[in-house]
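Undergrad: If you scroll down you'll find the structure; I have some questions about it.
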Amino acid sequence: MPSLWCQQGDVRETMKMNDITVRIGGQAGDGSLATGEILSKYFRRIGFYVATDKDFPSRIRGGHTSYAIRGSKKRIFSLDDRIDVLLAFDEDSILLHMDELESGGVVIFDSSRKDLEIKREDVRKVKIPLANIARKELGLEIIKNTMALGVLSKLFSLDSNIMRQTIRDSYKTKSEKIIEENLLAYEKGLEYSKDIEPMEGYVIEGDKVAPDTLLLMGNEAIGLGALAAGCRFIAAYPITPASDVLEFLSRHLPEKGGVAIQAESEIAAVNMAIGAGYAGLRSMAVTSGPGFDLKTEGIGLASMIEQPVVILDAQRAGPSTGLPTKTEQSDINHAVYGGHGDKARIVIAPGNVEEAFYFTFEAFNLAERFQVPVIILSDELISWNKQVVKRFDLDKLKVDRGKLELNPVSNEREFPRYDFQEDGISFRTIPGVEKGIHLETGDEHDVYGHITENASNRVKMMDKRMKKIQVMKNELFPSVVQGEGDVAVIGMGSTMGPILEALERIPREIKFIRIRTLFPFLDDVALHLKDVKIAFVVEQNYLGQLEDLVKLNTGFRNTVGIRKYDGRSFRPGIIERRIREVMGW
């Protein structure tokens, strides 16, 4: 067969302007993720918003990998239900994702290994032996993925100069030889597709000058938020999908005089972070579900000794090892209730990459102001996937270290670390401060930290610690409400995007309540539900943990759960169809 074979399919009935979704699939190691990264950067450069979703197995090589990227001139919040382009490096990509392809879209198939018959007549088909061409003409099969970008550029009339610069920048940490090889591969892709007619039904026109925006994944935003907050210590045990934060901060903390430690265990990591906080550093530990289990005792210790610490739980599908590289929101109950004994804590859930930065920054303020562990509930979708965000406004960020006393004036021999204050928050100090001697222990203690089992003291100390729960409520992240009506949709975290897109498709009055603080549960949720007749609760778990939390804390009972627990993120259509079905719309 010829080097390139193209068969025209149906043309879209309506023109699609400046909005395109591409899924790139292949075996792990085929370059699907690298290709997606370059395409995402290209979209940002031309002024598009970006939403992405990676899907890959928990192994180094082998197994199917795919990367979906949506670029749009208008503000978008999630991927679309369907894809416009399927770039398939292997047969599995056709078998797994062909049904997602929109009528009038295009499939680009690397026919090097197998000339697969693609039976759909309503899509355009482009077959090209990318790997064979790359190996024979460029001497390097691995750069077939960059060659594919040339084919994609020709089909959708993408700006080749901007794409070349994007490729160059993507490999700027590599040698000049590698950069030139990839640029040559891109040119080869353009050359082999020069006779292909551009796709009809699509217009992709961006800006010529790149906007002042950032393309970040959530874990990078979390790392930046920690740096901006003055975090100078992180301890973590490697775990998917949280390890990127440790890797990011291990590169940048030393520049700030900070320390990043890969601990020998999850338990060691959280205790190191607590110890660093005790010594006066702003500190954090990052983990996912299995590691969060092991950190539970440490969280209890931090609560008991009233020690500030920030803990990231980047949720993944559980229980046990579960699906290490897939998303879920099934740690809600653990974050809110986990551990023995009654304890004060804060649990917050950012809804996108931008909030991941600002929530992380504020988490350090909250931890020190209220002297409690603060748990940031992210998930695989937010942590690993990328969005375009405006540059962060650092001028509006204010560090608040709370009641940190570095010059105690007490004439007592010991510092009254757990003295009773009206708001339940005592003054704290750090080792080495004159007149700052005190004890901190997980046993019940008196105002100086001395162990005691006195009943009266126990009641006073419990009341003191629990009082903070009421005091902190006025300073936490309130729920965000969009729209009005007696029908509501409730969500948290990464479900924000698909919910917003789903509601745009339903021409009805619907109120969206996004809960951002899970503990302590804020009273505003009940107020927002006051005139609501039915509420749909969207979440990525089986048991309906968020739905139960809402019922328990508001008394509102007329809820309908929309749940997904296959490890893949929501698409807007799932939410839209369920709402229409129940409401009869």
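The sequence shown runs 141 to 725 under our numbering. For each residue, glycine too, the CB sits at the ideal point set by N, CA and C.
#1: Pull the bridge partners of V487 from the DSSP assignment, please.
#2: The beta strand (DSSP E) that contains W145, what's its start and end?
#3: Any idea if P490 is buried or exposed, counting beta-carbon neighbours within 10 angstroms, 16 or more meaning buried?
#4: Among all the DSSP beta bridges, which residues are the ones paired with K156?
#5: Express the C-alpha separation of H590 and A400 in angstroms, rounding to a whole number.
#6: Taking the straight line between their C-alpha atoms, what separation do you get for Q147 and G203?
#7: For the alpha helix (DSSP H) holding T175, just list the boundary residues, first then last.
#8: Start and end of the alpha helix (DSSP H) containing T306?
#9: Under 8 Å by Cβ, that's how I've got S518 and Q455 pegged, so tell me the actual separation to the nearest angstrom.
#10: Closest to G429 by CA distance: which of Q447, S443, E437 and G458 is it?
#11: How close, in whole Å, do the beta carbons of P269 and S143 come, if the pair is a contact with beta carbons under 8 Å?
#12: Look at the Cβ atom of R163, then the Cβ atom of I223, and state whether they are nearer than 8 Å.
#13: Mark F560 as exposed unless 16 or more other C-beta atoms lie within 10 angstroms of its C-beta, in which case mark it buried.
#14: Distance, Cα to Cα, K214 vs R708?
#15: Can you grab the Cα-Cα spacing for the pair F597 / H585, in whole Å?
#16: Check each candidate in I439, K396, E644 and E360 and name the one with the smallest Cα separation from V512.
#17: Cβ atoms of E624 and K600: under 8 Å apart, would you say?
#18: Give me whichever residues DSSP pairs with D453 in a beta bridge.
#19: Among L534, G290, G633 and N411, which has the Cα closest to the Cα of S470?
#20: What are the start and end residues of the beta strand (DSSP E) that includes I209?
#21: Only counting the same chain, and skipping five residues up and downstream in sequence, which positions put a Cβ closer than 6 Å to that of L226?
#22: Output the boundary residues of the alpha helix (DSSP H) element that contains L356.
#23: What is the rounded straight-line gap between the Cα of Q218 and the Cα of R711?
#24: Please confirm whether E231 and K254 have their CB atoms less than 8 Å apart.
#25: Could you name the residues of the same chain whose beta carbon sits closer than 6 Å to that of M612, not counting the 5 residues immediately before and after it, in chain order?
#26: Between which two residues does the beta strand (DSSP E) containing E242 stretch?
#27: Would the region 342-361 and the region 173-185 be scored as touching if the rule is three or more Cβ pairs under 8 Å?
#28: For D224, name the three-state secondary structure that DSSP assigns.
#29: Grouping DSSP H, G and I as helix and E and B as strand, with all else coil, what is E580?
#30: Please list the terminal residues of the continuous beta strand (DSSP E) segment that includes A400.
#31: My guess is that M357 and W145 are in contact by the Cβ rule of under 8 Å, so how many angstroms apart are they, rounded?
#32: Taking just the CA atoms, how far does L534 sit from A368?
#33: Using DSSP bridges, identify the partner residues of I653.
#34: Using a Cβ-Cβ cut-off of 6 Å (strictly less than) and excluding sequence neighbours within five positions of A675, which residues of its own chain qualify?
#35: Would you mind giving the Cβ-Cβ distance between S423 and G431, rounded to the nearest angstrom? I have them listed as a contact below 8 Å.
#36: Please report the Cβ distance between F497 and A361, rounded to the nearest whole angstrom; I am assuming they are in contact, meaning their Cβ atoms lie under 8 Å.
TA: The answer reads as follows:
#1: In the DSSP output, where bridge partners are listed per residue, V487 has I515 and F659.
#2: According to the DSSP assignment, W145 belongs to the beta strand (DSSP E) that extends over W145 to Q147.
#3: buried
#4: Y342
#5: 32 Å
#6: 29 Å
#7: S172 to R185
#8: S300 to S310
#9: 7 Å
#10: Among Q447, S443, E437 and G458, the Cα nearest to that of G429 is on G458.
#11: 7 Å
#12: In this structure, I223 lies closer than 8 Å to R163 by Cβ.
#13: Exposed, since its Cβ has fewer than 16 Cβ neighbours within 10 Å.
#14: Computed Cα separation, rounded: 25 Å.
#15: According to the sequence displayed, residue 597 carries Asn and not Phe. Answer to the nearest angstrom: the Cα atoms are 8 Å apart.
#16: I439
#17: Their beta carbons are not under 8 Å apart, which means K600 does not touch E624 by this criterion.
#18: T427 and L517
#19: Closest option to S470, Cα to Cα, is G633.
#20: H204 to S212
#21: R163, H237, L241 and V247
#22: No alpha helix (DSSP H) holds L356; the beta strand (DSSP E) holding it covers T353 to M357.
#23: In the sequence as presented, Gln is not what sits at residue 218; that position holds Ser. If I take the Cα positions, the gap works out to 7 Å.
#24: yes
#25: F510
#26: L241 to D250
#27: yes
#28: strand
#29: coil
#30: V399 to Q402
#31: Rounded to whole angstroms, the Cβ separation of M357 and W145 is 37 Å, and the two are not in contact under 8 Å.
#32: In this structure, the straight-line span from the alpha carbon of A368 to that of L534 is close to 8 Å.
#33: V621 and I630
#34: A628, I630 and T699
#35: That belief does not hold up - the Cβ atoms of S423 and G431 are roughly 16 Å apart, past 8 Å.
#36: 4 Å
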